[in-house]
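The numbering used here applies: residue 22 is where the sequence shown begins, and numbers increase by one.
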Amino acid sequence: MKRSNLIKNLGIVSIIVILVISLFVLERCIIYQVYYSEPTIMQTVPSPDRKYVAYVFESNGGATSGWVYHISVLKSDKKLGKGNGNVYISDIPPNSIEWLSNDELYVDDYRSINTTKQKQSVYGITVKYRSLE
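Right, here's the structure in full:
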């Protein structure tokens with residue numbers, strides 16, 4: 022009787038260990054995909070004086086959020102990365118972006134309850150938004 026309980030307990034412990042290891046590996050894969058995958062650039066729009074560039078790009082938000090669309094404004098000599106210069110995040114890509122002047126960017130987007138960021142300025146550049154229905 023004691024031997025069968027020991028075997029049963031070892032089986033349960035083995036299953037728990039396998040589950041914990043599997044969850045750890047899955048978490049590492051998701052973190053790598055979300056934080057280290059390269060964004061897909063959809064549009065690049067330089068400012069009139071070419072000192073800044075506005076990027077529209079998409080990234081995979083992982084299993085829980087799907088595709089996410091961003092607008093980042095960076096100095097022309099900087100490389101696009103996660104988070105730097107980010108002024109816009111939504112589940113729907115913007116309709117269009119346009120520089121009105123060297124220090125003013127205009128964004129037409131679609132109204133979404135999942136637009137989580139609409140920053141009004143970055144690097145002294147004013148960002149204006151118009152949400153379409």
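Ideal Cβ positions, reconstructed from N, Cα and C, are used throughout, including at glycine.
Distance between residue j and residue i (C-alpha atoms, nearest Å)
i, j, result
"G106", "Y131", "21 Å"
"E79", "S35", "41 Å"
"L101", "T61", "10 Å"
"G32", "S25", "11 Å"
"T65", "Y90", "14 Å"
"L44", "L27", "26 Å"
"N30", "N81", "41 Å"
"D124", "E59", "28 Å"
"I37", "S152", "50 Å"
Cβ shell of residue i (< 7 Å), same chain only, five flanking positions each side left out
i, result
"Q139", "Y109, Y150"
"S142", "V148"
Residue of the options minimising C-alpha distance to residue i
i, options, result
"R63", "Y76, R71, K72, D70", "Looking at the sequence provided, one finds Met at residue 63 rather than Arg. Closest option to M63, Cα to Cα, is Y76."
"S122", "V89, R24, G32, P67", "P67"
"I146", "S25, I39, V41, L95", "L95"
"E1", "D129, S142, V148", "The shown model of the chain, from 22 to 154, leaves out residue 1, and the question about it has no answer."
"L126", "K99, I37, Y144, S25", "Y144"
"W120", "W88, G87, V74", "V74"
"R71", "D98, L40, S25", "D98"
"G87", "I37, S152, N135, I28", "N135"
Beta-bridge partners of residue i, as assigned by DSSP
i, result
"L44", "Its beta-bridge partners do not exist; DSSP assigns none."
"T65", "Y76"
"S142", "T147"
"D129", "S117, R151"
Chain-order list of residues whose beta-carbon lies under 8 Å from that of residue i (same chain, five-residue window excluded)
i, result
"I133", "Correcting the residue identity first, residue 133 is Ser in this sequence and not Ile. Contacts found: S111, D112, I113."
"S117", "V128, D129"
"P115", "V77, Y90, I92, Y109, V128, D129, D130, Y131"
Cβ neighbours of residue i in the same chain (closer than 6 Å, five flanking residues each side left out)
i, result
"T137", "I110"
* Let me know the beta strand (DSSP E) ranges lying completely inside the region 82-125, each 3 residues or longer, listed in chain order. => 88-96, 107-111, 117-122
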